[in-house]
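Counting from 321, one number per residue, gives the positions in the sequence shown under the working numbering.
Below: the structure, in structure tokens.
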Amino acid sequence: KRWVSQTTLHFAEDPELLALMRRSGCMGVFAGVEGLSGDLAGLPKLRTRLPMAELVRRVQDAGILVEVSMIFGLDDQGPEVFGKAAEFVKRCAPSGATFHILTPYPGTRLFRQFEEEGRLLHREWPRYNHSQVVFLPRKMSPDELYAGWVGARREAYSWPSILSRVARNPHHRLANLAYNVFRRAPNVRLNGETALLEP
Numbered sequence: 321k322r323w324v325s326q327t328t329l330h331f332a333e334d335p336e337l338l339a340l341m342r343r344s345g346c347m348g349v350f351a352g353v354e355g356l357s358g359d360l361a362g363l364p365k366l367r368t369r370l371p372m373a374e375l376v377r378r379v380q381d382a383g384i385l386v387e388v389s390m391i392f393g394l395d396d397q398g399p400e401v402f403g404k405a406a407e408f409v410k411r412c413a414p415s416g417a418t419f420h421i422l423t424p425y426p427g428t429r430l431f432r433q434f435e436e437e438g439r440l441l442h443r444e445w446p447r448y449n450h451s452q453v454v455f456l457p458r459k460m461s462p463d464e465l466y467a468g469w470v471g472a473r474r475e476a477y478s479w480p481s482i483l484s485r486v487a488r489n490p491h492h493r494l495a496n497l498a499y500n501v502f503r504r505a506p507n508v509r510l511n512g513e514t515a516l517l518e519p
């Protein structure tokens, strides 16, 4: 029996739990990565005792693939966050990386906050999809946020980045390579010149 899960990386702080997951057939996890910034603009912050990079390493050393997920556009993030994200992916060599643009969905505390601050750009709900900029970021322009998001995706799924990650992770190499090749096309064909704010 084989299985994958969406989770936090807290479980990697417990060697016994990590070993049990592997023995039970866990092949991979999808996990949000925090620590590139501190203030999550009202989002819940999950604390870990160990650095995220160490937790990623522990999981992969146990033979479990890790796809990390990062959110761009948080209030304490400036344009430098994209370089930090690229460095994190390069250093940790996760199986894959997913990047999202912060999206204040209606009915959430974040939406109410941005509404009160006058930072919502529009209410065209189909565009509230974590791949378009629908609010005014605090420390960068909407175009900078969108272009940085595009650049991070292109960098993570460039051939040098893919091959480096696969080579550094000895577990499930064929599946890892196939997955990254599958993910490559939609990540490198993005247009990074506009934040898609036009009607």
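Think of the CB as a built atom: it goes at the ideal place given N, C-alpha and C, for glycine as much as any other residue.
Near the ligand GDP: residue i beta-carbon under 6 Å from a heavy atom
i      : result
Gly403 : Looking at this structure, you won't find the ligand GDP or any other ligand, since it has none at all.
Alpha-carbon to alpha-carbon, residue j and residue i
i      : j      : result
Val409 : Phe402 : 11 Å
Ala505 : Tyr477 : 8 Å
Glu475 : Pro490 : 22 Å
Pro424 : Val349 : 25 Å
Glu407 : Ser481 : 11 Å
Gln397 : Arg429 : 19 Å
DSSP state of residue i mapped onto helix, strand, coil
i      : result
Gly471 : helix
Gln433 : helix
Ala417 : strand
Ile384 : coil
Glu403 : Per the sequence presented here, residue 403 reads as Gly, with Glu not at that position. In the structure shown, Gly403 sits in a helix (DSSP, three-state: H, G or I).
Leu329 : helix
Val454 : coil
Ser478 : coil
Proximal residues to residue i (C-beta, below 6 Å), its chain only, five neighbours per side dropped
i      : result
Ala382 : Leu338, Arg342
Thr418 : Ser389
Cutoff 7 Å; reference residue i; Cβ partners in own chain excluding five residues on either side
i      : result
Glu464 : Pro399
Status (buried if at least 16 other CB within 10 Å, exposed otherwise) for residue i
i      : result
Trp323 : exposed
Val470 : buried
Gln326 : exposed
Pro426 : exposed
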